[in-house]
């Protein structure tokens, strides 16, 4: 005997777009997801914690000019930010609390986090501040272009070489190369371009490539749908 589903039965909400995440990185969060569900921690709280991690990274970058060792925790907090950004979505899905409102609270802190981190690096005194500000601007543009596909009725685009995780990886690598250079050679104010400047340049160039790739893919899908 078959039982017909009730017409007013609500289907579990599924996010419209989910970022591809490496299995190894995702595997590190399974225990944390179970703990969050057991303790009743709301996914929104995890999203807010990602902002705290980003603010901590920004402060470490900001003070790294006078205390270069802070580049180590600065880079580490960038990864904590990424991990929490991943965890909030996993907790939302596993606990059945995914919602359109949650998608906004999942995405908006990401944009604020990008600005906090790059502005913190801009004011570190270890490079040209304009590099950090331009990196923040292009990070926002990259994320915005990614949402255009969803805005026109398609899917969100995550392609390109400088998506959010790779921006943080690039900043981490550049920060630690800069730290090694400072310890080995010392800081000289005569430098015209520092390693942090080159890091910002690589991030900006990667964002330009990512923006182009995403736009081309979105336009291609639009042509196919017509």
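In this note's numbering, the protein residues as written are 4 to 229. Backbone N, C-alpha and C define an ideal beta-carbon position, used for all residues, glycine too. All values reported here derive from a predicted model rather than from experimental measurement.
- Here the alpha carbon of residue 166 sits roughly 13 angstroms from the alpha carbon of residue 139.
- In terms of Cα proximity to residue 114, the closest of 217, 220, 53 is 53.
- DSSP, reduced to helix, strand and coil, places residue 131 outside both helices and strands of the structure shown, so it counts as coil.
- Taking 8 angstroms as the upper bound for CB-CB distance, residue 58 and residue 67 are not in contact here, some 15 angstroms apart.
- Counting C-beta atoms within 10 angstroms of its own C-beta, residue 197 has 16 or more neighbours from the protein chains shown and is therefore classed as buried.
- Bounds of the alpha helix (DSSP H) holding residue 208 are 198 to 228.
- Counted as a single uninterrupted DSSP element, the alpha helix (DSSP H) harbouring residue 86 occupies residues 74 to 98.
- Between residue 177 and residue 161, the CB-CB gap reaches or exceeds 8 angstroms.
- Secondary structure at residue 44: coil, using DSSP grouped into helix, strand and coil.
- Excluding the 5 residues flanking it on each side, residue 88 has same chain C-beta neighbours closer than 7 angstroms at 53, 113, in chain order.
- For residue 143, the closest alpha carbon among the candidates 122, 158, 157 is that of 122.
- Judged by DSSP in its simplified three-state form, residue 102 adopts coil rather than helix or strand.
- By the Cβ neighbour-count rule, residue 133 is exposed, with fewer than 16 other Cβ atoms within 10 Å of its own.
- Secondary structure of residue 69 (DSSP, three-state): coil.
- Residue environment analysis places residue 30 among the exposed positions, since fewer than 16 neighbouring C-beta atoms fall within 10 angstroms of its C-beta.
- Beta-carbon to beta-carbon, residue 47 and residue 92 are separated by about 11 angstroms, too far to satisfy the 8 angstroms threshold.
- As the crow flies, the alpha-carbon of residue 188 is around 52 angstroms from that of residue 102.
- The C-beta separation of residue 135 from residue 146 comes to about 17 angstroms, leaving the pair out of contact by the 8 angstroms criterion.
- A residue is called buried once 16 or more other Cβ atoms fall within 10 Å of its Cβ, and residue 155, having fewer, is exposed.
- Nearest to residue 195 by C-alpha distance, out of 69, 129, 33, is 129.
- DSSP places residue 172 inside the alpha helix (DSSP H), whose first and last residues are 167 to 188.
- Per the C-alpha coordinates, the member of 214, 212, 210, 41 positioned closest to residue 97 is 41.
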